[in-house]
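First up is the structure itself, then whatever we jot down about it.
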Amino acid sequence: MGKIESSKLNELTSKIGITGVGIGLPGRERFVFDHNNFDAILKGKNFIEQIPIKIQEAICDKKVSQVKLVNGKKCKIAIEDVSKSVKLASQIGKMDLARDYGISKQILEVLDTTSQLAIGAGFEALKDAHIPLIPQKEKNGERIVSWSLPEEMRDETGVIFASAFPSFNSLIEEVSSYVSDKTRREMREDQNKLFKELKELISDPSEREKIEELLIKNKMEKEEFEFNRKFLLKILVMANSQFAQIIGARGPNTQINSACASTTQAISIAEDWIKRGRCKRVIILGADNPTSDQTMEWIGTGFLAIGAASIKEKVEDAALPFDKRREGMILGAGSVALVMEDVRASNRRGIIPIVELMGTRVSNSAYTGTRMDKNHISKEMDEFFSSIEREYGSKREDMVTSMLFMSHESYTPARGGGTAAEIGSLRTTFGSKVSNIIITNTKGLAGHLMGANIEDGVAIKALEKGLIPPIANLAELDDELNDLYFSRGESKQVDYALRLAAGFGSQVVIALFRRMFEGERFVDGKYDEWLEKIGGGKEKLGLEGKILVIRE
-9 MGKIESSKLN
1 ELTSKIGITG
11 VGIGLPGRER
21 FVFDHNNFDA
31 ILKGKNFIEQ
41 IPIKIQEAIC
51 DKKVSQVKLV
61 NGKKCKIAIE
71 DVSKSVKLAS
81 QIGKMDLARD
91 YGISKQILEV
101 LDTTSQLAIG
111 AGFEALKDAH
121 IPLIPQKEKN
131 GERIVSWSLP
141 EEMRDETGVI
151 FASAFPSFNS
161 LIEEVSSYVS
171 DKTRREMRED
181 QNKLFKELKE
191 LISDPSEREK
201 IEELLIKNKM
211 EKEEFEFNRK
221 FLLKILVMAN
231 SQFAQIIGAR
241 GPNTQINSAC
251 ASTTQAISIA
261 EDWIKRGRCK
271 RVIILGADNP
281 TSDQTMEWIG
291 TGFLAIGAAS
301 IKEKVEDAAL
311 PFDKRREGMI
321 LGAGSVALVM
331 EDVRASNRRG
341 IIPIVELMGT
351 RVSNSAYTGT
361 RMDKNHISKE
371 MDEFFSSIER
381 EYGSKREDMV
391 TSMLFMSHES
401 YTPARGGGTA
411 AEIGSLRTTF
421 GSKVSNIIIT
431 NTKGLAGHLM
441 GANIEDGVAI
451 KALEKGLIPP
461 IANLAELDDE
471 LNDLYFSRGE
481 SKQVDYALRL
491 AAGFGSQVVI
501 ALFRRMFEGE
511 RFVDGKYDEW
521 LEKIGGGKEK
531 LGLEGKILVI
541 RE
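Spelled out as C-alpha cells, the structure:
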C-alpha cells in the first residue's frame, strides 16, 4: 500500500486519464524508439519485411504438418520446402538502453530483449506524461548513479508488465547454445576415438604424426558454452519489477499474460487499482518479441502449423485486414507503454490527460482456444455500452457520430476469424448508426505484436493528433462490409476511441477512451509550480539521453 492510507482502499476516484504514451516499433534498419514513431504509424508507414532465408529454412526444418480437408476428409499435409514457409514479419531493429536511458551494465545483463522493449517504452511514456526523473547520487554526493521518480510519486506509482511471450528469447538462446555445444563435444569425442583407432591401424610414422596433430588440434578447441549464473533472472518475468527498481516506483507491481489481449487487460487492472486507491498512477508496459532470430523459427512455426500464418511473399498480398483475399496473419514485434493516472493527481501537477478512460470490460468466452465467439463478443459489447450509458448519461447513438474503432483484426482466414466477431459486435451495439464509426487497424502495418497491444497507444494518439491510420492494402472489401467506414488515412478530429482486444483462450477486453483536451495540455502556471516543488524550475528541465529529467 505504500503511503496511501488503508482507509482509502475503497474510495472510488472520479476520473482516470492517460497522461503519457510511448511506443517501440519494428524495422530491422530503424531505431526502435524513434521520435517519429507515432507520426509514422498514424500516416500508414509499413513496418513489415521479408525475414532472412535462414529463418524461413529453419521453419521448414521443423517438420511441421498442417491438417487440411481433402475431398471432405482431414489429412496431414507436410510442409517440406521454403515455398510453403512463413516469409514475412516485422522484426526489431536498433536499440541501446545504456546510451538512451542510462541503464547500467548489471541490469542489462539480466534483461531479455522483450523486457528491454518494455522498459524503453516506459521511459518514452513518462516523457510524454511530462514526468521528469530526479538525479540519485552516490553516498558521497558526487556522481549521479540513476534517475528516479520524484519522491512524492514513488509510493503511489504502480507498474504492470503485459506480454504473451516474455523471456522466450533468453530461454531459447540459452538452451540452443547448450545443445549446440553438447553436440560439438559429442562429435569431437567421436572424432578423437576415430583418430585413435586410425592411428593404431597405420604403421607409417609420417601418417601417424598427421593423425596425432589432428588429435592435438581437436583437444585445443575451446568449449564455448558456460551456464549463465544469471539465468534465472533472465527468464523470470520481471520487466515490471526491474522498471520499478530503475525509476523507484514502490506501488503495486505485477505482470500479466492474457495472450494477445494482455496490454488491454492490463489497462483494466490498472483501472481497478486506481479506483480502489491502491495507487494514483500505473505505468503499463506491453512488449513482445516473437520474431527474433531465436523465437521466430519456433513461434512462427507454431502459427504456421495451425494454419493461421500467411505464406505470401509480398506485403501487399499478405497484410490484408478486412480484405476478402485474407488468408493468414503476419507476426510482429514491438512495445507500448501507458501512464494512467487519477485525474486529480495529474491536475495537481498541472497536466491535462490526453484522454479519459471511460471504462473497460473483461471477460472470457469459454470457447475454443484459437477462435472468437462472435455471439458472446456481441453481447459483451452491447452490455458494455449499456453500462457506459448508465454511468455517464451519454447515449451510444450520440457517441458513435465522433468515434473511431481500433480493431484487433489480424487477417486470418475468414472462418472463425476476427472480422465476423468485431463487425458483428459493432452492428449489434450501434445498429444502423454503425456506418458512422471510422474503423482502423495497425496489424496491416506492423504485423501482430501478440500481447504488445500498440493499438491502445495508437488509438489514444489518434485522438490527440487528429490523425487516423489507414487500413493497409484494402482493395477487395468483403461484400458484407460495404456499408462500413474503413479508414483510408483520415485527418479528422474525433472524440471517442473504442478498442476491442482478443486473445487465445477466449480472452476478451473492451475499452473506451474519450478525448479530454483542446490544444494545450498544461494548466496555467501549475506545471511550473510543481517543477519548483520537486526540485527545479522549468529552466532545469531537459533530456539526459532520451529521458526527461530535472538537471542540477
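Reading the sequence shown from the start, the letters are residues -9 to 542 in the working numbering. All residues carry an ideal CB built from backbone N, CA and C; glycine is no exception. Treat the numbers as computed from the prediction; the structure is a model and nothing was measured.
Among the options, whose alpha-carbon lies nearest the alpha-carbon of residue i?
i, options, result
"Glu216", "Arg20, Ser166, His120, Ile540", "Ser166"
"Ile301", "Asn36, Gly17, Ile341, Ile49", "Ile49"
"Leu467", "Met228, Arg315, Gly324", "Arg315"
"Arg511", "Glu373, Asp118, Glu214, Lys66", "Asp118"
"Lys304", "Gly359, Ile413, Lys77", "Lys77"
"Arg361", "Ser397, Met389, Pro403, Arg380", "Pro403"
"Ala152", "Ser75, Ile273, Glu163", "Ile273"
"Asn279", "Glu381, Thr104, Ile246", "Thr104"
"Asn159", "Ile201, Phe185, Ala295, Leu226", "Leu226"
"Gly495", "Glu39, Asn26, Glu128, Asn354", "Asn354"
"Gly414", "Gly456, Ile367, Glu373", "Ile367"
"Gly318", "Asn426, Met330, Phe293", "Phe293"
"Ala545", "Gln96, Cys65, Asp102, Ile38", "Because the chain spans -9 through 542 in this model, residue 545 falls outside it and cannot be assessed."
"Ala295", "Asp86, Gly267, Lys74", "Lys74"
"Gly421", "Asp469, Phe375, Thr291, Leu191", "Phe375"
"Thr147", "Arg20, Thr254, Glu331", "Glu331"
"Gly515", "Ile378, Lys423, Ile342, Arg144", "Ile342"
"Tyr401", "Ala88, Glu306, Leu98, Arg20", "Glu306"
"Val424", "Ala452, Asp473, Phe21, Gly383", "Asp473"
"Pro459", "Asp469, Ile429, Asn443", "Ile429"
If we ignore side chains and look at the alpha-carbon of each, how far apart do residue i and residue j end up?
i, j, result
"Pro42", "Glu287", "11 angstroms"
"Val590", "Gln232", "Not covered by the structure: residue 590. The range shown for the chain is -9 to 542."
"Ile150", "Met348", "20 angstroms"
"Leu204", "Pro156", "44 angstroms"
"Glu399", "Met177", "48 angstroms"
"Thr281", "Arg417", "35 angstroms"
"Glu187", "Lys207", "17 angstroms"
"Tyr475", "Ser481", "14 angstroms"
"Val326", "Leu107", "8 angstroms"
"Asp388", "Glu164", "55 angstroms"
"Ser258", "Val352", "7 angstroms"
"Ser(-4)", "Ile162", "Low confidence applies here, because Ser(-4) scores a pLDDT of 36, under 50, leaving its location unreliable and the question unanswered by this model."
"Lys129", "Asn26", "39 angstroms"
"Glu445", "Gly456", "15 angstroms"
"Gly479", "Glu381", "33 angstroms"
"Ser94", "Gly290", "32 angstroms"
"Leu464", "Leu471", "12 angstroms"
"Glu1", "Gly267", "Low local confidence applies: a pLDDT of 44 at Glu1 is under 50, so the model's placement there is unreliable, with the coordinate-based value given in what follows. Going by the C-alpha atoms only, they are around 6 angstroms apart."
"Glu379", "Glu412", "21 angstroms"
"Asp283", "Asn426", "43 angstroms"
"Ser4", "Gly92", "37 angstroms"
"Thr358", "Gln497", "10 angstroms"
Determine whether the beta carbon atoms of residue i and residue j lie at a separation below 8 angstroms.
i, j, result
"Ala251", "Thr350", "no"
"Ala249", "Gly441", "yes"
"Ala462", "Gly34", "yes"
"Leu328", "Phe395", "no"
"Ile6", "Val333", "yes"
"Gly276", "Ala256", "yes"
"Ala309", "Leu439", "no"
"Lys536", "Asp90", "yes"
"Val499", "Ile31", "no"
"Ile524", "Ile45", "no"
"Ile67", "Lys58", "yes"
"Val539", "Pro122", "yes"
"Ala492", "Gly408", "yes"
"Phe21", "Lys84", "yes"
Cutting at 7 angstroms between CB atoms, please list the residues of its own chain near residue i, excluding the five before and the five after it.
i, result
"Ser392", "Val484, Asp485, Tyr486"
"Val100", "Lys220, Leu223, Lys224"
"Arg504", "Val345, Glu346, Met348, Asp485, Tyr486"
"Lys528", "Asp518, Leu521"
"Met506", "Gly7, Ile342, Pro343, Ile344, Val345, Glu346"
"Thr173", "none"
At a cut-off of 7 angstroms, would you count residue i as near the ligand NAP, judging by its Cβ distance to the nearest heavy atom?
i, result
"Glu216", "Among the components of this structure there are no ligands whatsoever, and the ligand NAP is therefore not found."
Identify, in the order they occur along the chain, each residue of the same chain with its Cβ nearer than 6 angstroms to the Cβ of residue i, setting aside the five sequence neighbours on each side.
i, result
"Asn532", "According to the sequence displayed, residue 532 carries Gly and not Asn. Within the same chain, Gly532 has close Cβ partners Arg541."
"Glu454", "Ile344"
"Met143", "none"
"Ile134", "Pro125, Lys127"
Excluding the 5 residues flanking residue i on each side, which residues of the same chain have their C-beta closer than 8 angstroms to its C-beta?
i, result
"Asp24", "Leu15, Ala30"
Quiz item: Any chance the segment 0 to 19 sits against the segment 110 to 124, with 3 or more Cβ pairs inside 8 angstroms?
Solution: yes
Exercise. For the segment 430 to 442 and the segment 238 to 245, state whether three or more C-beta atom pairs, one from each stretch, are separated by less than 8 angstroms.
Key: no
Quiz item: Would the segment 330 to 341 and the segment 513 to 528 be scored as touching if the rule is three or more Cβ pairs under 8 angstroms?
Solution: yes
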